[in-house]
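Enquirer: Below: one structure in structure tokens.
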């Protein structure tokens, strides 16, 4: 009614639900059947704005692109503020998502020789950084034998049975205990675990801070390791090695695909077929055998033949 008959002179005379269109906005409103348009944009009622905001955010194009897309197709008062509030709220929810499930443990057989399999790690304590190296065979036996695999007074590796029987019995007992402990820990660890989808180079991910448990950083996968670890580069240029458990895939907008457009043809022109057609050779040009006589107008030809003194 207000669009067809015009807005009243006072804002207080308008219904509460359309008072926000007061102040120059009414000049751009028009009707197209049962739809209200603001220029070429569709006016969204209050009851449908939440659904429209969800559809705009579904492509995860970022704040500026989402607002640009919204200004192309829809309109309501304070549209930009509603888009900003929705995106900020969803970003906070994304940061506070629950941790992903742990993956099944990657167990390895117990090594047979000292330092056949060693692990190393970096840590910091009291402002100093340390490098820790751990031998997977260290289980309480003689450190010298574990390190060198032979008695210190000899330079030849000795067969296990040449040592004292007591030491042999203890070594076999500890080996069996290590295998049983590994199987038991693997059994209980894998109860609540599941495999996560492997990531590929170029995937966008959210990186979880293992201290705060927040997904407060995003990046792109640049390389894939051998033990569920990935090389991540952030927009600032920093790089991290992170386990798959601390990486959550993120949906990013795909680049638009440009389709070739063929030029329009008139209806009178014949349609060309995609199949191969046989073409006839063009005949060669030939000279006409008809005798040509020059045109003689006003007896100019005879006049030229006469000679005058």
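Numbering (the UniProt record's numbering), first residue to last: 1 to 309. Each residue gets a CB set at the ideal place from its N, CA and C atoms; glycine is no exception.
So, do the stretch 42-53 and the stretch 69-89 have three or more beta carbon pairs nearer to each other than 8 Å?
Expert: A contact exists between the stretch 42-53 and the stretch 69-89.
Enquirer: Quick one: Cα of residue 206 to Cα of residue 67, how far?
Expert: So the two alpha carbons sit approximately 23 Å from each other.
Enquirer: Beta-carbon separation of residue 215 and residue 244 under 8 Å?
Expert: Contact flag unset, no.
Enquirer: If residue 250 sits next to residue 204, beta carbons under 8 Å apart, how far is it from one beta carbon to the other, in whole angstroms?
Expert: Sure, about 5 Å apart at Cβ, within 8 Å.
Enquirer: Compute the distance between the beta-carbons of residue 105 and residue 189, then report whether it is under 8 Å.
Expert: Going by C-beta atoms, residue 105 is nearer than 8 Å to residue 189.
Enquirer: My output table needs one value for residue 108: the three-state DSSP class, helix, strand or coil.
Expert: Residue 108 falls in the coil class under three-state DSSP.
Enquirer: Looking at the structure shown, is residue 99 part of a helix, part of a strand, or coil, going by DSSP?
Expert: In the structure shown, residue 99 sits in coil (DSSP, three-state: anything other than H, G, I, E or B).
Enquirer: Bridge partners of residue 246, per DSSP?
Expert: Looking at the DSSP assignment, residue 246 forms no beta bridge with any residue, so it has no partner.
Enquirer: Out of curiosity, what's the CA-to-CA distance linking residue 218 and residue 74?
Expert: The alpha-carbon atoms of residue 218 and residue 74 are separated by roughly 30 Å.
Enquirer: Alpha carbon to alpha carbon, how far is residue 178 from residue 116? Give it in angstroms, no decimals.
Expert: If you take the alpha carbons of residue 116 and residue 178, they lie about 16 Å apart.
Enquirer: For residue 49 and residue 187, what's the separation of their Cα atoms in angstroms?
Expert: Using only the alpha carbons, I get a separation of about 50 Å.
Enquirer: Helix, strand or coil for residue 178 per DSSP?
Expert: Note: residue 178 maps to helix in three-state DSSP.
Enquirer: Which first and last residues belong to the beta strand (DSSP E) in which residue 206 is found?
Expert: Residue 206 -> beta strand (DSSP E) spans 204-207.
Enquirer: Let me check understanding here. Comparing Cα to Cα, which of 36, 221, 34, 99 lies closest to residue 212?
Expert: That would be 99, whose Cα lies nearest to the Cα of residue 212.
Enquirer: What is the DSSP secondary structure of residue 275, counted as helix, strand or coil?
Expert: Confidence at residue 275 is low in this model, with a pLDDT of 43, below 50, so the placement of that residue is unreliable and no value is reported for it.
Enquirer: Taking the alpha-carbon positions, what's the residue 180 to residue 237 distance?
Expert: If you take the alpha carbons of residue 180 and residue 237, they lie about 46 Å apart.
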